[in-house]
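Listed in order, the protein sequences are those of chains A and B.
With the first letter of the first sequence counted as 1, position 254 gets the number 1342 in our numbering; the numbers rise by one all the way through.
With the first letter of the second sequence counted as 1, position 270 gets the number 1358 in our numbering; the numbers rise by one all the way through.
A short worksheet on the structure shown next.
Protein chains: 2
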Amino acid sequence: MQNDGNKILIGSIQRLLRRGAISHLRKIMNKTHAADLSVAFRSLPLASRHKLFQLIEDPEKKGALLTKMEEDAFMDFVEELNIDEMAEIFEHMPTDDVADLIGPLPEDTTHSILEKMKREGSDEVEGLLQYPDDTAGGIMVPDFIALPEDVTAAEAIGSIQKEHLHVEMPFYLYAVDAYEKLVGVSSLRQLVVVPPETPLRDFMRTDVVSVKTDTDQEEVARIVARYDILAVPVVDETNRLVGIVTVDDVIDIIREEAAEDMLKMAGVGGEFIEGKSVAKSARIRLPWLFASCIGGIVAFFVISRFESSLSRFSYLAAFIPVIMGMGGNVGTQSATIVVRGLATGRFQVMDFWPVVSREFAIGFILGAFYGGLIGVVAQMRYSTAGLALSVGLSVICSMTVATLVGSMAPLLFARANIDPAVATGPFVTTAIDIISVFFYFEIAATLLGI
Amino acid sequence: MQNDGNKILIGSIQRLLRRGAISHLRKIMNKTHAADLSVAFRSLPLASRHKLFQLIEDPEKKGALLTKMEEDAFMDFVEELNIDEMAEIFEHMPTDDVADLIGPLPEDTTHSILEKMKREGSDEVEGLLQYPDDTAGGIMVPDFIALPEDVTAAEAIGSIQKEHLHVEMPFYLYAVDAYEKLVGVSSLRQLVVVPPETPLRDFMRTDVVSVKTDTDQEEVARIVARYDILAVPVVDETNRLVGIVTVDDVIDIIREEAAEDMLKMAGVGGEFIEGKSVAKSARIRLPWLFASCIGGIVAFFVISRFESSLSRFSYLAAFIPVIMGMGGNVGTQSATIVVRGLATGRFQVMDFWPVVSREFAIGFILGAFYGGLIGVVAQMRYSTAGLALSVGLSVICSMTVATLVGSMAPLLFARANIDPAVATGPFVTTAIDIISVFFYFEIAATLLGI
């Protein structure tokens, strides 16, 4: 339904552009949601995008549309905008979004935009630019309600009505001490429920969950999801409240990180590359295949050591795919379970032996089942007990080793502070390929007496 | 840091349990956050969990703890609770959480609990139980602020203070007509900014995004993330406002769905199975490996057709792993990109040819690169031009076909309304294995004149 809507929207815009029906276009641009416009923009040439953008009246909407563009598209688009226009739009946007947008721009452009923006907004943006993008500091908004712990509920309501009307997401009310240090939290709802003369200190919660400015954004997302909160306060090294991270930014992080983990495990880097040209995409995917190329060449040298056996027992070759395939697939199962378990906090790095021994046991059970099955097929086809036994045992070995490698690799990488998702994908499948082939030929050579 | 905290918490609880230090335990249970308690509970025996649970004073906290348990753990735990106790706890919980918890219980238990609960709450829960779990109806709360469109801002504030104090997430103010149909939306913040006598009709937004009760929860999550909203209104077939889905539930959905997609693609089903026994886990993972077992056996029959060639050119076998590996890896790249692209709405099902031809081009470029490389290695080792050429061409074919299969399969499955993630994983790798081996031996047989 959504998709059909987009198709119709893009169709009408293209038709109206051809007819030059500016007043119609103006109406569409001003009544359609920025999120939908951003989808339509992806299918339009740059010049049309600029023409349409100028028809939008509300600077807040212009800002929302800029925020929804992919980074590459934004960089192209922004070249044609003048500094005054950008400064005006940015003034109407949440400061964390502004910081995200101007972060990648050339330094002198950033500088001139900040100069043009009204004092307060530009100070806030500059404050945010000092933190790395993927930390709590880089994604927080310095836009929250903080009150001394000794104000009463009635005073708090009064002060919110006077001073905090601009706060975008007024869910929580943070209590701070004389040094602006965070000491408690309450909610707007709580404020109206307690008797008006109650001091904040008496009804606030003191077990307030907070993060530091340098906390990784993934950890921030985990905390927000875990405690089911709508915003998490961000404090500096001295526990002074400096901002909040709101749940809408957390959603984006969770989506991004989950997609990143999947793409990394598949060996496509961490970013979505479909917006890029074929040549660029191929260049990004190329190095990730290198591990499996090297692995394949190593497997080749392993097998070629057994060349003389192969020329006598040529049917040995026919079982290579099934042994590699079974090991590879069960190893991918283990690796995915562990990478995902680490990402969601179901496993900790220190759960090494429980997790690995569990996977080992599962690998052995599955190996015994499929080893038996494939051994029987081999026996039916060739009626050579030695061969059937070699194939069966190889499948068991390959699948058991695969679960070991698949579960140990991400845990070891995580312990060494290497992202388990990125390291695990190519490493695990390649290692399993080599080990499987090696076991197979060693076992066959022994049992067939080659 | 979080993890260390949990370890310390579990350690102290165990120590205090051994010493029977009830008053200490009571303190810990009442001051620790339910999310942290739920982690500690996972490491404790059932009897201790019950003992500790009874020490919690706040029924709301008891409810939060129940909500955070995994389904299996909850079912075990709840057997020992009596109906009165459960009814009391459930009365203090959001109705959507209650519906989630009692949904899987035996029907007569559900019935007796609902009977004991106060009228209003139990009606709401029963209302929710009628919708499937994974639809907007199943995850909504019937707890929102709806006002006629002709009330003024001042009247709206008064009515909220009188009647809507219990609303848990009062971000939005929905405007309804005389038939309770949804016509607009505004925010609490807006209410205090406009002049008090302005009617709601004049400052509300009329382009309000809503979902139907039967909208799939994944679609609901996509909409909330896309429009950056904190709650989406749910309407019935006649556009009557019946509930809202809030952002905290959406976060859980996004996390679940992303994890599900990864697990499905790895062929481990859709659920996280680490909480289950080794035997159960092995049983769940077993059938997913069947596809690759069948695939391996088919590959075996393909290769065994070339047995006589293999006995003359035994070195052919040594290249099987590298050809299978390169195809498999590049195919996984394509499949992951497409599955993820479909899930996040970057591709539509109707983008078939643009997506597939793009992947085809990338597969050919990568195939030419690695085919050349591996061909050179083959030439260096055996100095047989025919072999080197066969190996190089096979890598190109295998990688190109792999990108085709990897991109077409999820698009075709999605078009047939089969979940692309679940179908793609085992299918793609198995298909690529067979096709790669087939091409390799056909090309080699032709070029080497076997």
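Ideal placement from N, C-alpha and C gives every residue a C-beta, glycine not left out.
Here the structure is a predicted model, which is why all the values come from computation and not from measurement.
Residue-level contact check: B:Trp1441 does not touch chain A, since none of the beta carbons of chain A fall below 9 Å from its beta carbon.
Against chain A, the CB of B:Ala1266 has no partner CB under 9 Å away; the residue lies outside that interface. Within the stretch 1146-1164 of chain A, contact with chain B at the beta-carbon level (separation under 7 Å) is assigned to no residue.
For A:Ser1478, the enclosing alpha helix (DSSP H) stretches over residues Ala1473 to Arg1503.
The C-beta of A:Thr1488 has 16 or more other C-beta atoms within 10 Å across all chains shown, which makes the residue buried. Following the DSSP letters along the chain, one finds A:Ser1200 inside the alpha helix (DSSP H) bounded by residues Glu1195 to Lys1204. Approximately 6 Å separates the beta-carbon atoms of B:Asn1118 and B:Ile1144; this is inside 8 Å, confirming the contact. For A:Leu1461, the enclosing alpha helix (DSSP H) has its first and last residue at Phe1440 to Tyr1470. If you check the CB distance, A:Ala1123 and B:Asp1316 come in under 9 Å. One alpha carbon belongs to A:Leu1481, the other to B:Ile1484, and they sit about 33 Å apart.
Cα atoms of A:Arg1289 and A:Tyr1260: separation of roughly 14 Å, rounded to the nearest angstrom. Put simply, the stretch 1210-1224 of chain A does not touch the stretch 1238-1252 of chain A. Fewer than three CB pairs are less than 8 Å apart. The shortest CA-to-CA distance from A:His1112 to any of A:Trp1376, A:Leu1140, A:Met1353 and A:Glu1148 is the one to A:Leu1140. Here DSSP, grouped into helix, strand and coil, assigns A:Arg1434 to coil. Counting C-beta pairs closer than 8 Å gives three or more between the stretch 1438-1455 of chain B and the stretch 1362-1374 of chain A, which meets the contact rule. For A:Asp1316, at least one C-beta of chain B is nearer than 9 Å to its own C-beta.
A Cβ-Cβ separation of about 5 Å places A:Ala1423 in contact with A:Thr1512 under the 8 Å criterion.
With a 10 Å radius around the Cβ and a threshold of 16 neighbouring Cβ atoms, A:Phe1389 comes out exposed. Taking the CA atoms as reference points, A:Asp1222 sits about 26 Å from B:Val1426. Its chain contains Glu1176, Ile1177, Glu1179 and His1180 as the residues whose beta carbon lies nearer than 8 Å to that of A:Pro1147, once the 5 sequence neighbours on both sides are disregarded; these appear in chain order. For A:Ser1524, the CB contacts under 6 Å within the same chain, skipping 5 residues up- and downstream, are Ile1411, Met1412, Gly1415 and Ser1486 in chain order.
Taking 8 Å as the upper bound for CB-CB distance, A:Asn1327 and A:Leu1279 are not in contact here, some 24 Å apart.
Going by C-alpha positions, B:Ile1245 is about 18 Å away from A:Val1255. Separation of the CB atoms of A:Phe1165 and A:Met1157 is rounded to 6 Å, and the pair is thereby assigned contact status at 8 Å. Closer than 9 Å to the CB of A:Ile1411 there is at least one CB belonging to chain B. Contact annotation: A:Gly1099 and A:Met1228 have beta-carbon atoms that are not nearer than 9 Å. Here the alpha carbon of A:Phe1526 sits roughly 11 Å from the alpha carbon of A:Ala1533. Partner residues in a beta bridge of A:Arg1314, as assigned by DSSP, do not exist.
Between B:Val1516 and B:Ala1497, the gap from beta carbon to beta carbon is short of 9 Å.
Take the alpha-carbon of A:Glu1203 and the one of A:Ile1171: they are about 10 Å apart.
If you draw a straight line from the Cα of B:Ser1136 to the Cα of B:Leu1105, it is about 8 Å long. In this structure, DSSP gives A:Ile1144 a state outside helix and strand, which the three-state scheme calls coil. Think of a sphere of 7 Å around the beta carbon of B:Ser1369: the chain A residues whose beta carbon falls inside it are Ile1450, in chain order.
If you draw a 10 Å sphere on the C-beta of B:Gln1421, you find 16 or more other C-beta atoms in it, and that means buried. Annotation: Cβ neighbours of B:His1121 in chain A (cutoff 8 Å, chain order): Asp1295, Val1297 and Tyr1315.
Short of 7 Å from the beta carbon of A:Arg1103, and not among the five residues preceding or following it, lies no beta carbon of its own chain.
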